[in-house]
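Undergrad:
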Amino acid sequence: MKNNNLSKASKEVMLLLDYRAYSINVSRVDASMEFTGKLTRLKDSKDVKLSRIWHCNGLILCCTKDIKRLVVWNPCTGETRSIKPSKFYRRTDSYAFGCGNSSCHDYKILRCSSYGSCVDFHHQVVLNFEMYEFSTDSWRVLYGVTDKWRLHCSDDVVSLKGNAYWIHFDRGAEHDWNVLLSFNFTTEVFVSLPLPDYQKQHCEYRDLLISVVREEHLAVLHHVVGTFLTEMNVWLSNKITEGKEVSWSKLLVFSFDKLSLPRRYSDEMTFWVDEENKVVVSCVRDMEGGDHFYIVGEGLHKQVYEVTEASWIWPCLLGYVPSLCHIPKAKEEENRIGNITI
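Numbering (my numbering), first residue to last: 34 to 375.
1) Contact check, residue 223 vs residue 129 under 8 Å by CB: the rounded distance?
2) Just how far apart, CA to CA, sit residue 250 and residue 274?
3) Note the first and the last residue of the continuous beta strand (DSSP E) segment covering residue 121.
4) Compute the Euclidean distance between the alpha carbons of residue 243 and residue 229, then round it to the nearest angstrom.
5) With 16 as the cutoff for other CB atoms within 10 Å, does residue 121 come out buried or exposed?
6) Can you say whether residue 241 is buried or exposed, counting buried as having 16 or more other CB atoms within 10 angstroms of its CB?
7) Report all residues from its chain with a CB closer than 6 Å to the CB of residue 45; omit the five preceding and five following residues, and keep chain order.
8) By DSSP's criteria, residue 243 is part of a beta bridge. Which residues make up the other side?
9) Return the CA-CA distance between residue 245 and residue 305, expressed in angstroms with no decimal places.
10) With the cut-off set at 8 Å, would you say residue 377 and residue 287 are in Cβ contact?
11) Given residue 301, which residues of its chain have a CB within under 7 Å of its CB, disregarding the five upstream and five downstream residues?
12) Over the uninterrupted beta strand (DSSP E) stretch that includes residue 173, give me the two end residues.
13) List the whole-angstrom C-beta distance separating residue 142 from residue 165, where the pair is believed to meet the contact cut-off of C-beta under 8 Å.
14) Whole angstroms is fine: what's the gap from residue 290's alpha carbon to residue 308's?
15) Going by C-alpha to C-alpha distance, which of 252, 279, 277 sits closest to residue 267?
16) Taking residue 89 as the reference, give the member of 363, 118, 133 with the closest Cα.
17) When you compare only the Cα positions, how much space is there between residue 316 and residue 342?
18) Go through its chain and collect everything with a Cβ distance to residue 51's Cβ below 6 Å, but skip five positions before and after it.
19) Sorted by chain position, which residues of the same chain lie with C-beta nearer than 6 Å to residue 314's C-beta, five sequence neighbours on each side aside?
20) Within the region 309 to 356, note down every full beta strand (DSSP E) run reaching 3 residues or more, in order along the chain.
21) Within a Cβ cutoff of 6 Å, which residues of the same chain sit near residue 197, ignoring the five residues on either side of it in sequence?
22) Looking at the C-beta of residue 277, does it have a partner C-beta in chain C at a distance below 8 Å?
23) By how many angstroms is the C-alpha of residue 337 removed from the C-alpha of residue 233?
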C-alpha cells in the first residue's frame, strides 16, 4: 500500500477543550503551548461543538456535543464524512476507530452500546457491539464477543497500526488486574496483552492512561491520585506481536512535587508524549472545575496553561501524523455538512 502519511518528523497535537478542537504548537517543548485554531463549519460559519474525538492513521472521528452525529475528518485535506447510525446514537455509547488490512479504504468503527450511568462509565456493561464499514456504508451486529470483555468499554481508547487498544480491568478466576485489551479490525477479535511489570502489584484502573506516540508506539502512564505519592512513570511499547505479547521499556519517571498542583484534583487525566525530548504534556482537572496543563521532563517542570472554568467534558490531548489519505465517500453523501478546518 502506498504510504500516504506525511513526514514522521512532524508533531501534530490536537486538543479537545470546551467542546472545540485546537492545534497546539509543540515545536519547542520549553515554550508555552499555543492554541492556533478551532473547528468551524464553512457552510454557515457556525462552530462545530464536539464532545469526543478519536484518531486512526491521520483521520479524526468526531462525536458532536448533542451526541446526534458522528463525523470523520481529515485535518490535513479538510475532507469530512458523516456517519449515519443504525437507529440513533446514545450518550453511553463508546467507540473505537481502526482499519482492516492496513488499508486506507478499509476504515471501520466499533460501537459499544452500554447501559449504566453515563457519568460513572466504570460500571457500564456493553449490551451490543456493532461494526460500521466505510466500504458498505452500513452497520452490522458483531456476535461472539466473550462476556468478560463486556464490562467497561470506555472512551479512553487509542488506535495503532489499525488496531484499537484500551486499559481493561480483567476479572479473572485467579486474578483481578489490568490488561491491555486489543481489538483487531481485520479479524474482528478481542485479545488481552500484558502491561508493564508493575502490574504484578495491585494497581487501580484509574491509575493508568494510554496514548500513542507518532503512530509507532503505545505509551502507558501510571500515576497515583489521592495520596502523597506523585511519582509518575511512562512506558513505551517496543514490539507488539500480533495477538500474543508486547514488550515495554520505561521512558521517563517524573514527579509533580515541583509543580503547583491543585490541592484537590481528579484522577481523570490526558497526556501526550514527545519521545525524542523525553517530555510529557499532561492536563489535570481540579475538583473546582479548572484544567491545568503541564510540561514535565528531565529538568523541566512547568504549568503552561490554565482554564479556570472548564466545561463538563474532559479535555483530550491527541497526537497524530498528518495523512493525505482520502476519506471514502458515502453512497448518499456529497459532503453535505461542509468542510471542517482547523
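We treat Cβ as the ideally placed atom computed from N, Cα and C, and that holds for glycine.
TA: On the basis of the supplied data:
1) Not confirmed; about 10 Å, so no contact.
2) 13 Å
3) Note, residue 121: premise wrong, no beta strand (DSSP E); not H, not E.
4) 12 Å
5) exposed
6) buried
7) 353, 355
8) 253
9) 8 Å
10) Given a span of 34 to 375 for the chain in the structure shown, any question on residue 377 remains unanswerable.
11) 318, 347
12) 171 to 174
13) 4 Å
14) 22 Å
15) 252
16) 133
17) 14 Å
18) 344
19) 305, 328
20) 312 to 319, 324 to 330, 333 to 340, 349 to 353
21) 129, 131, 190, 216
22) Absence of chain C from the displayed structure is noted, only one protein chain being present.
23) Here residue 233 scores only 47 on pLDDT, less than 50, and its place in the model should not be relied on; the value that follows carries that caveat. Those two C-alpha atoms are separated by around 35 Å.
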